[in-house]
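Here the structure is laid out as structure tokens; the discussion comes afterwards.
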Amino acid sequence: MIPASFEYVVAHSLDETVGLLAKHGSDAKILSGGMSLIPAMKLRLAQPAFIIDVNGVSGLAYIREEHGELRIGAMTRESALERSSLVKHGYPILFETARVIADPLVRNRATIGGNLAHADPANDHPATMLALGATIVAHGPNGDRLIPIDEFFPSFFASALEPDEILTEIRIPAPGVRNGGAYIKFERKVGDYAIAAVAVNLTLDAHDTCIAARIGLTNVTDVPARATRAEAFLVGRRITDQAIADASRLAAHESDPKSDLRGSAEYKRDLVRVLAGRAIGRAVSRARGGSH
Amino acid sequence: MALRTVNFTINGEAKSVQAESRQLLVHCIRETLGLTGTHVGCETSHCGACTIHLDGEPVKSCTMFAVQAEGKSLTTVEGLAVGGTLNPVQEGFWEEHGLQCGFCTPGMMMTATALLRTVNEPTETEIREAISGNLCRCTGYVNIVKAIQYAQRKMHATPAPEAVLQGGD
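Heads up: the protein sequence lines correspond to chains A and B, in order. Each residue of the first sequence is one higher than the one before, counting from 43 in my numbering. Each residue of the second sequence is one higher than the one before, counting from 84 in my numbering.
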């Protein structure tokens, strides 16, 4: 499988990248980890005329807490997220997400920025970032622009990035008191996309009443989406087994899976119910101070 | 088609090759450099038969362009043995019968060598997770895991494992 011909350009700075994007517009694609782009090019699903390799742009790979946020550089490899003790202990939902993406060899190349910018509803980070209420930093000719994650996936396989913008950073609010999250994915085999996966991030008050909840769904909607009715059901309610079961049924109802080789729509919808129940349960346990 | 000059080191040797932008790294390694130990299996980033070390980390060379190797240090399966002596992982595959048809073996050994360099005493679960991006269709995982455990024991029985586990950078 040989990709179509293209012109390869190495960018050394963000300004140079933006300049190249402005010049070539939609003929150009940014190459970061390449783990989605290169397979798509080999299948000729993508035939960009220009490839802008940003692996040589320094200062885009970092994981740090500042200004009450976790800030992750777009070129941070999935393997770096997996190995980060800050992520593992402070943001277990993100650790759980990174370690189920593709396989360990792919994760040595794949980047968090690419996973989001590709805007594939089957990718794992979109649901988690929706649950975490992340903010995307896009760099363009006029500097940085902040995009709330809820506005980042406007339509099928499309992101809110302008043709002359590059995703540079992901910002996640630091967890407050009695906050917990979880990501649970069901896959046929290592390396496959999710049959379904559910990301949950919630906050409890001292009496176990849910005061905030966000639920993201993977590969069961046309664009990465939240289960907003399930969220609304949980907020203001004391968390009981019955409340979790009822919220999970709502999340399943809100999903819109398609029958394919991974299973029938009915099966996937029921899987969303089961996974949502488990993810809410694990998030609640973490919010109460447990590790699982 | 315009060719680009790409400079890198492979198995310790500096190379300068001409590559079309769209040439995959695995094809450059096999066809331009004649190092056919690195295999092309699925070509879809699933099987891991094309695994090499890129600056010491195992990656799938079918999912990179050769031009991306500029300035990098690569190691292929040909770089594991030094002076005709198998590295502990290769020896483990020999001793534990860690292969049947052998097609996945180069990728398995590259992944295993990288694992044992970064994790001192991996559990069986950690070994199985590490090779989860390398597919063996002879269903030989049991002996592959044994082979990697053999290498681990061998390295720990030796005073200076770093000196023994060659390959990589």
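Cβ atoms here follow ideal geometry from the backbone N, Cα and C, with glycine treated the same way.
task = Could you confirm whether any beta carbon from chain D is found closer than 8 Å to the beta carbon of residue 129 of chain B?
result = Going by chain labels, chain D is absent from the structure shown, which instead holds the protein chains A and B.
task = State buried or exposed for residue 219 of chain B, treating a residue as buried only when at least 16 other CB atoms are found within 10 Å of its CB.
result = buried
query = In three-state DSSP terms, what is residue 295 of chain A?
reply = helix
task = Quick one: grab the DSSP three-state call for residue 251 of chain B.
result = Caution applies to residue 251 of chain B, whose pLDDT of 47 falls short of 50 and renders its modelled position unreliable; the value that the coordinates give is listed next. Three-state result, residue 251 of chain B: coil.
query = Mapping DSSP to helix, strand and coil, what is residue 173 of chain B?
reply = helix
request  = Count the other CB atoms, across all protein chains shown, that sit within 10 Å of the CB of residue 297 of chain A; report buried if there are 16 or more and exposed otherwise.
outcome  = buried
request  = Could you tell me which chain A residues have their CB closer than 7 Å to the CB of residue 205 of chain B, listed as they occur along the chain?
outcome  = Within 7 Å Cβ-Cβ: nothing; residue 205 of chain B doesn't reach chain A, min ~12 Å.
query = What residue range is occupied by the uninterrupted alpha helix (DSSP H) comprising residue 312 of chain A?
reply = 307-329
Chain B contact for residue 157 of chain A (CB, 8 Å cutoff) = no
For residue 160 of chain A, the nearest candidate out of A:96, A:245, A:77, A:331 (CA to CA) = A:77
Cβ contact (3+ pairs, closer than 8 Å) linking the stretch 131-140 of chain B and the stretch 191-202 of chain B = yes
ask   = What does residue 313 of chain B reach in chain A if we use C-beta pairs closer than 9 Å?
value = Here chain B has residues from 84 to 252 only, and residue 313 of chain B is not among them.
inquiry  = So that I know if they touch, is there some Cβ in chain A lying closer than 8 Å to that of residue 216 of chain B?
reply    = yes
ask   = Whole alpha helix (DSSP H) runs in the stretch 155-192 of chain A with 4 or more residues, listed along the chain?
value = 167-174
request  = Whole angstroms is fine: what's the gap from residue 271 of chain A's alpha carbon to residue 178 of chain A's?
outcome  = 24 Å
query = Taking residue 116 of chain B as the reference, which of B:124, B:93, B:171, B:128 has the closest Cα?
reply = B:93
ask   = Between residue 82 of chain A and the rest of its own chain, which residues show a CB-CB distance below 6 Å, the 5 nearest in sequence each way excluded?
value = 88
Proximity winner among B:201, B:130, B:112, B:87, relative to residue 257 of chain B (alpha-carbon distances) = With chain B represented from 84 up to 252, any question about residue 257 of chain B goes unanswered, as that position is not in the structure.
key: Proximal chain A residues relative to residue 99 of chain B, where beta-carbon distance stays under 8 Å   = Those within 8 Å of residue 99 of chain B in chain A number zero; the least Cβ separation is about 17 Å.
task = Answer yes or no: does any C-beta atom of chain B fall closer than 8 Å to that of residue 105 of chain A?
result = no
task = Give the secondary structure of residue 234 of chain B by DSSP, where H, G and I count as helix, E and B as strand, and everything else as coil.
result = helix
key: Any C-beta of chain B under 8 Å from that of residue 233 of chain A   = yes
ask   = According to a CB-to-CB cut-off of less than 9 Å, which residues of the stretch 80-97 of chain A neighbour chain B?
value = 80, 81, 83, 84, 85, 93, 95, 97
request  = For residue 314 of chain A, collect the residues of the same chain with a Cβ closer than 7 Å to its Cβ; drop the 5 residues on either side in sequence, then sort them by chain order.
outcome  = 238, 240, 259, 262, 293, 294, 297
key: residue 59 of chain A: first and last residue of the uninterrupted alpha helix (DSSP H) it sits in   = 56-66
task = Check each residue of the stretch 186-200 of chain B: if its Cβ is closer than 8 Å to any Cβ of chain A, include it; give the result in chain order.
result = 194
task = Closer than 7 Å by C-beta to residue 143 of chain B: which residues in its own chain qualify, once you throw out the five before and the five after it? Chain order, please.
result = 128, 131, 133, 134
inquiry  = Can you pull the chain A neighbours of residue 225 of chain B, defined as C-beta to C-beta under 7 Å?
reply    = Going along chain A, no residue has its Cβ under 7 Å from residue 225 of chain B, so there is no contact; the nearest lies around 17 Å.
request  = Please state whether DSSP places residue 288 of chain A in a helix, a strand or coil.
outcome  = helix
query = Start and end of the beta strand (DSSP E) containing residue 90 of chain A?
reply = That residue, residue 90 of chain A, is in no beta strand (DSSP E); it is neither H nor E in DSSP.
key: Identity of the residue in B:140, B:119, B:151 nearest residue 103 of chain B by Cα   = B:151
task = Compute the beta-carbon to beta-carbon distance between residue 105 of chain A and residue 129 of chain A, rounded to the nearest angstrom, for a pair I have assumed lies under 8 Å.
result = 6 Å
request  = Report the partner residues of residue 302 of chain A according to the DSSP bridge assignment.
outcome  = A:305
query = To which residues of the same chain is residue 208 of chain B closer than 8 Å at the C-beta, ignoring the five residues directly before and after it?
reply = none
message = Please list, in chain order, the residues of the stretch 132-144 of chain B that have any C-beta partner in chain A closer than 9 Å.
response = 134, 137, 140, 141, 142, 143
Residue 87 of chain B: contacting residues in chain A (beta-carbon distance under 8 Å) = 50
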